[in-house]
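Trainee:
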């Protein structure tokens, strides 16, 4: 969850992660479905020496160097700890609401930049991957951006709800 702020660094990133899109909303992996956070299309016994991985949450505003750093750190942590992955979510998860996903034990990704920044602030693995200075500066800048966004009243809000 902490990496989400890095790979989805703007307030608009979370509109893409909303229900109904093919972008991931939960921490899942799959072979085929595009709604999974991690897709492993080449998984199988014949591919033991090479495996293709897709991290599907980054958007075009993510810094590719930071995104790669946190993705590799997360993968290496799982390998180091010999962590077994959860079962593959090869059915389309787009049909399940958040309540059903929680019942299945699937962790949601942060829903807003503010939620993602909170997760990043608590994630020691991501902090270690980025270094204290980069992590602290990222949080400083993005918290200011999030606070500006929360205070802004859009034309749509004015039209719909008035001043």
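Residue numbers (this note's numbering): 1387 to 1549.
In this text, a Cβ means the ideal position worked out from N, Cα and C, and glycines have one as well.
Please confirm whether residue 1410 and residue 1396 have their CB atoms less than 7 angstroms apart.
Mentor: Cβ distance not < 7 angstroms, so residue 1410 and residue 1396 don't count as in contact.
Trainee: Just to confirm the assignment, what range does the alpha helix (DSSP H) spanning residue 1471 have?
Mentor: Taken as a continuous stretch (DSSP letters only), residue 1471 belongs to no alpha helix (DSSP H), as it is neither H nor E.
Trainee: Can you tell me where the alpha helix (DSSP H) with residue 1502 in it begins and where it stops?
Mentor: Element bounds for residue 1502: 1499 to 1508.
Trainee: Roughly how many angstroms separate the alpha carbons of residue 1454 and residue 1549, rounded to a whole number?
Mentor: If you take the alpha carbons of residue 1454 and residue 1549, they lie about 43 angstroms apart.
Trainee: Return helix, strand or coil for residue 1418, following the three-state DSSP convention.
Mentor: Residue 1418 falls in the coil class under three-state DSSP.
Trainee: Rounded to whole angstroms, what is the Cα-Cα separation between residue 1490 and residue 1541?
Mentor: Rounded to the nearest angstrom, the two C-alpha atoms are 39 angstroms apart.
Trainee: Is it the case that the Cβ atoms of residue 1388 and residue 1465 are separated by a distance below 7 angstroms?
Mentor: No.
Trainee: Check whether the Cβ atoms of residue 1504 and residue 1532 lie closer than 7 angstroms to each other.
Mentor: Not in contact: residue 1504 and residue 1532 (Cβ atoms no closer than 7 angstroms).
Trainee: Leaving aside the five residues before and after residue 1445 along the sequence, list all residues of the same chain whose C-beta is less than 7 angstroms from its C-beta, in chain order.
Mentor: So the list reads 1394, 1399, 1402, once near-sequence residues are dropped.
Trainee: Assuming residue 1425 and residue 1416 form a contact by the criterion Cβ under 8 angstroms, report the distance between their Cβ atoms to the nearest whole angstrom.
Mentor: The Cβ separation is near 6 angstroms, so the contact holds.
Trainee: In whole angstroms, give me the CA-to-CA distance for residue 1537 and residue 1436.
Mentor: Each residue's Cα considered, the two are about 48 angstroms apart.
Trainee: Cα-Cα, which of 1530, 1423, 1520 is closest to residue 1475?
Mentor: The shortest C-alpha separation from residue 1475 is found at 1423.
Trainee: Cβ of residue 1530 within 7 angstroms of Cβ of residue 1390?
Mentor: No. Outside cutoff.
Trainee: Between residue 1506 and residue 1525, which are expected to be in contact by the criterion C-beta below 8 angstroms, what is the C-beta distance as a whole number of angstroms?
Mentor: That belief holds up - the Cβ atoms of residue 1506 and residue 1525 are roughly 7 angstroms apart, short of 8 angstroms.
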